[in-house]
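Residue numbering for the sequence shown follows our numbering, beginning at 49 and increasing consecutively. Shown next, in structure tokens, is the structure this report addresses.
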Amino acid sequence: MANDWIHCNACYRQPTQKSVFFLSSCGHIICQKCTSTLGDKDSDLSCPVCHKNCAFTEINRNLRPELQILFRNPKDVATQYMRSLAQVLEFQGTNRTRLAKHVAEREKKAVKFAHLAREEIKKRIEMENKAVEEHTRLKHELDMERFRCRALEAKLAENEKQLEQMQKNIDAAAPVIIRSDSGIDAEMDIDSNISFLNVATSTPIKKCSVSKVYIILFMSQM
Numbered sequence: 049m050a051n052d053w054i055h056c057n058a059c060y061r062q063p064t065q066k067s068v069f070f071l072s073s074c075g076h077i078i079c080q081k082c083t084s085t086l087g088d089k090d091s092d093l094s095c096p097v098c099h100k101n102c103a104f105t106e107i108n109r110n111l112r113p114e115l116q117i118l119f120r121n122p123k124d125v126a127t128q129y130m131r132s133l134a135q136v137l138e139f140q141g142t143n144r145t146r147l148a149k150h151v152a153e154r155e156k157k158a159v160k161f162a163h164l165a166r167e168e169i170k171k172r173i174e175m176e177n178k179a180v181e182e183h184t185r186l187k188h189e190l191d192m193e194r195f196r197c198r199a200l201e202a203k204l205a206e207n208e209k210q211l212e213q214m215q216k217n218i219d220a221a222a223p224v225i226i227r228s229d230s231g232i233d234a235e236m237d238i239d240s241n242i243s244f245l246n247v248a249t250s251t252p253i254k255k256c257s258v259s260k261v262y263i264i265l266f267m268s269q270m
């Protein structure tokens with residue numbers, strides 16, 4: 049019943065147990081009787097139905113698989129293809145799921161890495177801002193110290209000038225101390241134009257026995 053549709057497309061003869069049929073490369077079924085009238089050379093063979101040059105293959109159990117399927121029960125073919133289709137879908141689905149999972153994990157890691165990178169950049173920016181603030185503060189303190197040092201140097205130079213002037217004044221006003229043998233000292237301003245040797249006394253100078261005269265200049269330092 050499954051092969052009740054097979055017939056010669058040229059003479060409409062249906063196959064019997066001993067009959068031989070051929071399948072042309074142009075897709076027609078031809079019986080052996082009809083092919084015997086086509087000639088012996090391949091170049092001379094033409095389909096008796098469409099008259100195109102073609103080749104003929106005997107229909108038997110040795111038919112190539114891609115041609116055998118043309119003569120199989122459609123339900124069997126459909127069942128086989130459904131199983132094959134299910135295997136294909138399962139195989140491709142499994143691989144697609146694996147790939148999707150991998151891509152999702154990679155994207156998740158990328159998002160996590162981007163978050164960590166943003167946090168690290170934020171910390172670095174904060175550290176750099178603090179470093180800039182610290183640098184500004186230290187620079188300000190350094191400028192203030194330099195200003196104080198310059199002020200102290202100016203004050204020191206001024207004090208040195210004052211000390212030098214005071215020293216000159218002290219040197220100009222230093223007293224003269226006259227020490228006698230009796231241990232009694234006498235003071236006299238060295239700026240005076242009057243010499244004690246010119247002063248008239250009741251006692252001759254030579255009786256005073258002045259053996260040594262020491263002039264001591266007192267230096268004051270600040």
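Even glycine gets a Cβ: it sits at the ideal position worked out from N, Cα and C. Model, not experiment: these values are computed from the prediction.
{"Check": "Give the secondary structure of leucine 71 by DSSP, where H, G and I count as helix, E and B as strand, and everything else as coil.", "Outcome": "strand"}
{"Check": "Tell me the rounded alpha-carbon separation between isoleucine 54 and methionine 130.", "Outcome": "26 Å"}
{"Check": "Give me the Cα-Cα distance between isoleucine 77 and glutamine 65, rounded to the nearest whole angstrom.", "Outcome": "16 Å"}
{"Check": "Between cysteine 56 and phenylalanine 69, which are expected to be in contact by the criterion C-beta below 8 Å, what is the C-beta distance as a whole number of angstroms?", "Outcome": "7 Å"}
{"Check": "Helix, strand or coil for cysteine 79, going by three-state DSSP, please let me know.", "Outcome": "strand"}
{"Check": "Where do the ends of the alpha helix (DSSP H) carrying lysine 184 lie?", "Outcome": "Note on residue identity: the sequence assigns threonine, not lysine, to residue 184. Unbroken alpha helix (DSSP H) run through threonine 184: 122-220."}
{"Check": "Would you mind working out which of Thr85, Ser84, Asn101, Thr83 sits nearest cysteine 74, comparing C-alpha positions?", "Outcome": "Asn101"}
{"Check": "For glutamate 106, which residues does DSSP report across the bridge?", "Outcome": "Phe70"}
{"Check": "Tell me, please, which residues DSSP counts as bridged to alanine 101.", "Outcome": "The sequence given here places asparagine at residue 101; alanine does not occur at that position. Looking at the DSSP assignment, asparagine 101 forms a beta bridge with Ser94."}
{"Check": "From leucine 204 to leucine 190, what distance separates their C-alpha atoms?", "Outcome": "21 Å"}
{"Check": "To the nearest angstrom, how far is it from the Cα of threonine 83 to the Cα of serine 94?", "Outcome": "9 Å"}
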